[in-house]
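Sequential numbering from 32 applies to the sequence shown in our numbering.
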Amino acid sequence: MSILFAGTSLADFDITGTVSYTNDIGGSPLNFYECLQMRGDGGQGASHRLAAPVTEIWLQFGFQQLGWPNANMDSPWFRVFSSAYSTTQALFEINCLNADLSFRYWDGAAWQTAGTIPQSLFSATERTIFNVHIKMDDTTGVFEIYKERTLIATMATTDLIRTTATTMDTFKWQSPVVGSSSTTYWTHLWNVFMADEDTRPMEMMVMYPNTAGALAQWTGTAGNIDDYGYNDADTLSSGTTDFISTFNFAPFQAKFQAFDIKAVALGGRAQNGVTAPTTMQGIARVSGVNHEKLPEKAMSTVMGPFNVIWNLNPATSAPWTGTEVQTTQFGFKSAA
32 MSILFAGTSL ADFDITGTVS YTNDIGGSPL NFYECLQMRG DGGQGASHRL AAPVTEIWLQ
92 FGFQQLGWPN ANMDSPWFRV FSSAYSTTQA LFEINCLNAD LSFRYWDGAA WQTAGTIPQS
152 LFSATERTIF NVHIKMDDTT GVFEIYKERT LIATMATTDL IRTTATTMDT FKWQSPVVGS
212 SSTTYWTHLW NVFMADEDTR PMEMMVMYPN TAGALAQWTG TAGNIDDYGY NDADTLSSGT
272 TDFISTFNFA PFQAKFQAFD IKAVALGGRA QNGVTAPTTM QGIARVSGVN HEKLPEKAMS
332 TVMGPFNVIW NLNPATSAPW TGTEVQTTQF GFKSAA
């Protein structure tokens, strides 16, 4: 069982339209550092495409909303796609419909409403943790939504979707049309992660790089790494194959020392060179030994999300401990 994706920043997602960020999220716990903000043209959003399609998945993300779309508007908020089926027609969605949230599935010809989540369940002043569970199957399919780990909506039919769509791989959070320039719809997404097991017992902790580690062969320093949001003009770079830079990270938070660690994810933005070095690898430097790992998705020659996941400590092939995470230096390597 494993973590499939972990995103803590705007930098970790593919962005459509105008999406901003803030680290002004007062009242949130210390493990939350940043959130995304999307406001109202209906097409903008943040998405992630898995490295490989899945038939069943759990997702966890935080949500806070200020202002609602006008009544009787049909505006998607969260959508799930299968790129093998269609890159434009979603299979599942949570939709702002008639001022409440409906959750729907595509039957191959039309949207079918599986349930409704009342607007009254949401607060404009508090964040809400959602877990979404989806299983692709025409007879035993699942579409469930949990609020603060309590089931609030479940699909009422087993006729899930058209049988030609058997997997899912792309997930998008977007801003619905609000219908008025005076009404703003914001979604605040904290610490999105996906797994092939139940995410309800899980939390995420964020650690930012703060000082150089043992290896500093790339051009640039820890100061070039953006803690919040991203700036593609503010970079570290290497034009030489097999150069490595590693970094020390902020302290491991005491509240998580008693947790079992499911995975460690290294995220950011990066691009490959058009000539050698043409690839980039993540590095976990454990007890002075470098352990290399390719990112979860192939990279291109334009800037995009870079996400490397170690579900186990590569030095021991056992689950990480808090002490091991704190003493490991993480970074990257330029490769041929």
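C-beta: ideal position from N, C-alpha, C; glycine also.
All of these numbers come straight from a predicted model, not from anything done at the bench.
For T53, does the three-state DSSP call read helix, strand or coil?
Here T53 sits in strand by DSSP.
Proximal residues to D263 (C-beta, below 6 Å), its chain only, five neighbours per side dropped
M334.
Which one of T271, F280 and W137 has the shortest CA to CA distance from T250?
Taking the Cα of T250 as reference, the smallest distance to any Cα among T271, F280 and W137 is reached at T271.
Would P350 be called buried (16 or more neighbouring beta carbons within 10 Å of its own) or exposed?
Exposed is the label assigned to P350, since fewer than 16 other Cβ atoms lie within 10 Å of its Cβ.
Give every residue of the same chain whose Cβ lies closer than 8 Å to the Cβ of D45, excluding the five residues on either side of it in the sequence, and list them in chain order.
Same-chain partners within the cutoff: A77, S78, H79, R80, G335 and P336.
Residues of its chain near T309, where Cβ-Cβ distance is below 6 Å and the 5 sequence neighbours each way are ignored:
N303, listed in sequence order.
Pick helix, strand or coil for T68, following the three-state DSSP scheme.
According to the sequence shown, residue 68 is Gln rather than Thr. Looking at Q68 - three-state DSSP - the assignment turns out to be strand.
Identified DSSP bridge partners for N126
The beta-bridge partner set that DSSP reports for N126 consists of P107 and S133.
Give the range of the beta strand (DSSP E) segment to which G38 is assigned.
Where G38 is concerned, the enclosing beta strand (DSSP E) stretches over I34 to G38.
Where S211 falls: helix, strand or coil (DSSP)
With a pLDDT of only 49 at S211, under the threshold of 50, the placement of this residue in the model should not be trusted; the figure read from the coordinates follows. S211: coil per DSSP, three-state reduction.
8 Å contact criterion, which T277 and I314 should meet: CB distance rounded
Indeed, because the Cβ distance is near 6 Å, the residues count as touching under 8 Å.
Please report the straight-line C-alpha distance between P240 and A253, rounded to a whole angstrom.
Distance between the alpha carbons of P240 and A253 is about 7 Å.
DSSP state of F287, grouped into three classes?
F287 sits in a helix when the DSSP states are folded into three classes.
Determine which residues share a DSSP beta bridge with C166 and list them.
Per the sequence shown, the amino acid found at residue 166 is Lys instead of Cys. Its beta-bridge partners are E87 and V173.
Excluding the five sequence neighbours on either side, which residues of its own chain have a C-beta within less than 8 Å of the C-beta of A245, listed in chain order?
Closer than 8 Å at Cβ, skipping near neighbours: T277, R316, G319 and Q360.
A115 by DSSP, collapsed to three states: which one?
Of the three classes helix, strand and coil, the one that applies to A115 here is coil, per DSSP.
Can you have a look at Q68 and say buried or exposed, based on whether 16 or more other CB atoms are within 10 angstroms of its CB?
By the 10 Å Cβ count, Q68 comes out buried.
Excluding the 5 residues flanking S365 on each side, which residues of the same chain have their C-beta closer than 7 Å to its C-beta?
Non-local C-beta neighbours of S365 in its own chain, meaning closer than 7 Å and more than five positions away in sequence, comprise S269, T271, T272, D273, F274, P308 and M311, ordered along the chain.
First and last residue of the uninterrupted alpha helix (DSSP H) at T358:
Boundaries of the alpha helix (DSSP H) harbouring T358: G353 to T358, taken from the DSSP string.
Who are the Cβ neighbours of T230 in its own chain at under 7 Å, not counting the five residues just before and after it?
If the five residues before and after T230 are omitted, its C-beta is found closer than 7 Å to the C-beta atoms of W89, L90, Q91, N162 and F224, all from its own chain and listed in chain order.
What number of angstroms, rounded off, separates the C-alpha of S33 from the C-alpha of I340?
Distance between the alpha carbons of S33 and I340: 9 Å.
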